[in-house]
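Down below is the structure, laid out as structure tokens.
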Amino acid sequence: MSLYNQVCFTGKVLLSLIAKIFGPKQWNLSIISKQSGAVLLFVISSLYTLTGTAADLTTNSVSTPSSTANLLFRSNLGSGITLGPLYGYSTYGAWQAINGTDKETGYMWPVSALNANFSGIQLITVDPITPSTIGNYITNEIRSVTGPGGDPGNEIFQQVKMKGVIGTGGSQAPLVINRPWDIGDVNDLYITYWFKYQADLGTQLDNVVPAANWRTHFEFKTGGYANTWTGDYRITISVIKGTDGKLYWVTKGDNVANGPFTPVDYWREENRDVPVPIDKWSKFEVYWHRSNGSDGRYWAAIDGQVIVDHRGPNMGDYNLPITRIFVSNPYSGGRATVDNHITKLQIWDGFPCGSGVPCYNYDTAPPTTPSSLAAKISKYSTATGVSLSWNASVDNVAVAGYNVYRNGTKIAATTSNKYNDVLSGAAKGALYSYTVKAFDAEDNLSASSGAVLVTH
-7 MSLYNQVCFT GKVLLSLIAK IFGPKQWNLS IISKQSGAVL LFVISSLYTL
43 TGTAADLTTN SVSTPSSTAN LLFRSNLGSG ITLGPLYGYS TYGAWQAING
93 TDKETGYMWP VSALNANFSG IQLITVDPIT PSTIGNYITN EIRSVTGPGG
143 DPGNEIFQQV KMKGVIGTGG SQAPLVINRP WDIGDVNDLY ITYWFKYQAD
193 LGTQLDNVVP AANWRTHFEF KTGGYANTWT GDYRITISVI KGTDGKLYWV
243 TKGDNVANGP FTPVDYWREE NRDVPVPIDK WSKFEVYWHR SNGSDGRYWA
293 AIDGQVIVDH RGPNMGDYNL PITRIFVSNP YSGGRATVDN HITKLQIWDG
343 FPCGSGVPCY NYDTAPPTTP SSLAAKISKY STATGVSLSW NASVDNVAVA
393 GYNVYRNGTK IAATTSNKYN DVLSGAAKGA LYSYTVKAFD AEDNLSASSG
443 AVLVTH
């Protein structure tokens, strides 16, 4: 059916409905039907004039992103990321920064988002240590693994090997983001990453020995009480081994944030329905909105299944800001060793996939293809500078960055729609071809842009 015939048919239907509403005596359908195409075209033209351009009427237009959240940080721990040397030794521990630019995502460690002043691993030991003995208690490394979905990748792997008497926490090694207490709060935040629990977690935890049945998964603490690092509010997510031997989730808000307060539990929620995954990669998601009122929210999910969605006040007694985010932590009351595997970390300023909507398997569509790739050349005596730019892509959630390719080989990832390259060491007159692909936070990759050619 031609476009005109489709319009005429639709016009007849529309006008018939109008006639039914206003009564047949007011309408001569035999006459109007002949003009239905023209009438409907006039209606569409009027709507078009009011609402947009001709491009808005096309059926294959790109959908706008569904998320209003902004991606603040993303790292797959890819090439370019390293663990720094231990430093800041104390009697019971040390610090270890994560450094470098992730060549898979374009983001740099330390994390600059949230005004963080440290992002790395804090090593805390149960016994006094020295630089030569701390490795007997805790080891951390970035290593290559078969990651989520069976794809090759990198992880942070940690082992707490000596942790003290069973039933006590003892040694721990949180991956932590620290921030000053005098720069404001983190009112809305979403964090996700992939993790894997050790195969023997069920036996590592003990439900007979008192306080030996828990392992911490995620937590944050406030700070700034009396202008010190101590705080008055904490939320933790933990794995508990029940009296029936089964593992389950517990999320709790309390005032145990290292402040001088008698411990108080403000709220506690259990989830025995969502399985605790063992020896497999799983996706963890957490979101919070801080408030003194009923609109306060703390939400978390495992592999797309919600384990907690608590509503209500979550500020504590002194309204102190969040200063410590313990992203992941091999910390347990059970037996040593305590292992930790983590990869593919993302931080957003809100729900990426919709309020209360888990992002697990949500985003499978790639971004649109980058367009209008252009190159600006700057000639120097020994090198050629190439400034690339292109039109931004669009994604159903959000575009996370772009891969830049030279002669078909990936040379960089960038979070903007610009990139500067330098050509040197090649023969004068050598020809180079540049292309760009967009990717989203779930590593869905767009088709390649058109190529732009550059002569050295």
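Sequential numbering of the sequence shown, starting at -7, is according to our numbering. For each residue, glycine too, the CB sits at the ideal point set by N, CA and C.
Worksheet item: At which residues does the alpha helix (DSSP H) containing residue 196 begin and terminate?
Response: To locate residue 196, count along the sequence shown from 1; it is residue 204. 193 to 196 is the extent of the alpha helix (DSSP H) around residue 196.
Item to complete: For the region 300 to 355, list the alpha helix (DSSP H) runs that are entirely contained and at least 4 residues long, ordered along the chain.
Response: As far as the region 300 to 355 is concerned, it has no whole alpha helix (DSSP H) run of at least 4 residues.
Discussion item. For residue 144, count the other beta carbons within 10 Å of its own beta carbon; 16 or more makes it buried, fewer makes it exposed. Which is it?
Written reply: Start at 1 with the first residue of the sequence shown, and residue 144 comes out as number 152. Burial call: exposed.
Fill in: Residues that DSSP places opposite residue 180 in a beta bridge
If you number the sequence shown from 1, residue 180 lands on position 188. Paired residues: 281.
Fill in: 7 angstroms Cβ cutoff met for residue 276 and residue 411
Position 284 of the sequence shown holds residue 276. Position 419 of the sequence shown holds residue 411. The answer is no: Cβ separation not under 7 angstroms.
Discussion item. Quick check: residue 127 and residue 405, are their CB atoms within less than 7 angstroms of each other?
Written reply: Counting from 1 along the sequence shown, the entry for residue 127 is found at position 135. Counting from 1 along the sequence shown, the entry for residue 405 is found at position 413. No, Cβ-Cβ distance for residue 127 and residue 405 is not below 7 angstroms.
Fill in: Helix, strand or coil at residue 269 [DSSP, three-state]
As a first step, residue 269 is located in the sequence shown; it is residue number 277 there, counting from the start. Note: residue 269 maps to coil in three-state DSSP.
Worksheet item: Under a three-way DSSP split, which group does residue 395 fall into?
Response: As a working note, residue 395 is residue 403 in the sequence shown. In the structure shown, residue 395 sits in a strand (DSSP, three-state: E or B).
Worksheet item: Can you name the residues that DSSP bridges to residue 274?
Response: Along the sequence shown, read from residue 1 onward, the residue named residue 274 stands at position 282. Answer is 187, bridged to residue 274.
Fill in: Inter-residue Cα distance where the pair is residue 381 and residue 367
By one-based count along the sequence shown, residue 381 stands at place 389. By one-based count along the sequence shown, residue 367 stands at place 375. Between the alpha carbons of residue 381 and residue 367 lies a distance of about 7 angstroms.
Worksheet entry | Beta-carbon contacts of residue 230 that lie in its chain and below 7 angstroms, excluding the five residues immediately before and after | Taking the first residue of the sequence shown as 1, we reach residue 230 at position 238. Cβ neighbours of residue 230 beyond the five flanking positions: 206, 207, 208, 209 and 242.
Practice prompt. Rank 264, 303, 308 and 372 by C-alpha distance to the C-alpha of residue 217 and give the top, closest one.
Written response: Here the question's residue 217 lines up with position 225 in the sequence shown. Checked all of 264, 303, 308 and 372; the closest Cα to residue 217 is 308.
Worksheet item: So which of 383, 344 and 403 has the shortest CA-CA distance to residue 182?
Response: Here residue 182 is taken as the residue at index 190 of the sequence shown, counted from 1. Ranking 383, 344 and 403 by Cα distance to residue 182 puts 344 first.
Worksheet item: So, helix, strand or coil for residue 69, using DSSP?
Response: The residue you call residue 69 lines up with position 77 of the sequence shown. Coil at residue 69, not helix or strand.
Worksheet entry | Beta-ladder partner(s) of residue 230, from DSSP | Counted from its first residue, the sequence shown places residue 230 at position 238. Beta-bridge pairing links residue 230 to 208 and 242.
Discussion item. Contact between the region 160 to 177 and the region 115 to 122 is defined here as three or more beta-carbon pairs at a separation below 8 angstroms; is this criterion met?
Written reply: yes
Practice prompt. For my contact list, residue 388 and residue 167 are in at a C-beta cut-off of 8 angstroms; report their separation, rounded to the angstrom.
Written response: Taking the first residue of the sequence shown as 1, we reach residue 388 at position 396. Taking the first residue of the sequence shown as 1, we reach residue 167 at position 175. Between residue 167 and residue 388 the Cβ distance is about 30 angstroms, and since that is not below 8 angstroms, they are no contact.
Discussion item. Considering just the uninterrupted stretch of the beta strand (DSSP E) at residue 500, what are its terminal residues?
Written reply: Limits of the chain in this structure are -7 at one end and 448 at the other, which puts residue 500 out of reach.
Practice prompt. If I'm right that residue 69 touches residue 146 with Cβ under 8 angstroms, what's the distance once you round it to whole angstroms?
Written response: Counted from its first residue, the sequence shown places residue 69 at position 77. Counted from its first residue, the sequence shown places residue 146 at position 154. Indeed, because the Cβ distance is near 4 angstroms, the residues count as touching under 8 angstroms.
Worksheet item: Quick one: what's residue 167 bridged to in DSSP?
Response: As a working note, residue 167 is residue 175 in the sequence shown. Paired residue(s): 113 and 320.
Worksheet item: Taking the Cβ atom as the reference point for each residue, do residue 105 and residue 65 lie within a distance shorter than 7 angstroms?
Response: Counting from 1 along the sequence shown, the entry for residue 105 is found at position 113. Counting from 1 along the sequence shown, the entry for residue 65 is found at position 73. Yes, the pair counts as a contact, with Cβ atoms nearer than the cut-off.
Item to complete: Could you spell out where the beta strand (DSSP E) holding residue 382 opens and where it closes?
Response: What you label residue 382 is simply residue 390 of the sequence shown in a count that begins at 1. From DSSP, the beta strand (DSSP E) with residue 382 extends over 375 to 383.
Worksheet item: Should residue 465 go down as buried or exposed, given a rule of 16 or more other Cβ atoms within 10 Å for buried?
Response: Nothing can be reported for residue 465: it is not among the residues displayed for the chain, which extend from -7 to 448.
Worksheet item: Cα-Cα, which of 268, 355 and 228 is closest to residue 187?
Response: As a working note, residue 187 is residue 195 in the sequence shown. It is 268.
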